[in-house]
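> Residues in the sequence shown are numbered from -8 upward in steps of one, following this note's numbering.
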Amino acid sequence: MELIDYRSHVAFDETERVKSTLVQGEHCRGTLFCLEIGQSIKPHIHAGDHLWIIQEGSGLYLNDEGEHPVSQGSIVFAPEGEPHGIRATSRLVFISVSAG
């Protein structure tokens, strides 16, 4: 068992998003992303399902259907093969759980 407080990993960089691996298992990975206003992760596709849990701030979830507002407490599920990305509209902190 691992018990992790994501808050101890929160860090921002004015020039690029910050990505920190929180936990890595055989079948899933937990990653923390921290984005300043305007920073983004361009929509992309890869293997495995993704669950994004917005911990702090707000942004726009980006997929092939458009832009979707997300904020603290939002949970986004992106199944394998679906384009997914995000753009911060305020300082944004979210956890990505990748399975597969």
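For each residue, glycine too, the CB sits at the ideal point set by N, CA and C. Fair warning: this is a prediction, and the values are worked out from it, not measured in the lab.
Taking the C-alpha atoms as reference points, what is the distance between Glu17 and Ala90?
Taking the first residue of the sequence shown as position 1, residue 17 is located at position 26. Taking the first residue of the sequence shown as position 1, residue 90 is located at position 99. Near 9 Å, if we compare the C-alpha coordinates of Ala90 and Glu17.
> Can you list, in chain order, the stretches of the beta strand (DSSP E) that have 3 or more residues and sit fully within the segment 6 to 58?
9 to 15, 19 to 26, 31 to 35, 40 to 47 and 49 to 54
> Checking 8 Å against the spacing of the C-beta atoms, do Gln63 and Glu47 come in under that value?
By 1-based counting over the sequence shown, the position of residue 63 is 72. By 1-based counting over the sequence shown, the position of residue 47 is 56. Yes, Cβ-Cβ distance for Gln63 and Glu47 is below 8 Å.
> Figure out for me which residue from Asp(-4), Ser87, Ile86 and Arg82 has the closest Cα to the Cα of Glu7.
Along the sequence shown, one-based indexing puts residue 7 at 16. For the residues Asp(-4), Ser87, Ile86 and Arg82, the minimum Cα distance to Glu7 belongs to Arg82.
> Assuming Ala79 and Gln30 are in contact, meaning their beta carbons sit under 8 Å apart, how far apart are those beta carbons, in whole angstroms?
Residue 79 sits at position 88 when you count from the first residue of the sequence shown. Residue 30 sits at position 39 when you count from the first residue of the sequence shown. So it is a contact: roughly 5 Å between Cβ atoms.
> Secondary structure at Arg(-2), three-state DSSP: helix, strand or coil?
The sequence position of residue -2 within the sequence shown is 7, counting from 1. In the structure shown, the three-state DSSP call for Arg(-2) is helix.
> Contact check, Thr22 vs Lys10 under 8 Å by CB: the rounded distance?
As a first step, residue 22 must be located in the sequence shown, where it is residue number 31. As a first step, residue 10 must be located in the sequence shown, where it is residue number 19. Sure, about 6 Å apart at Cβ, within 8 Å.
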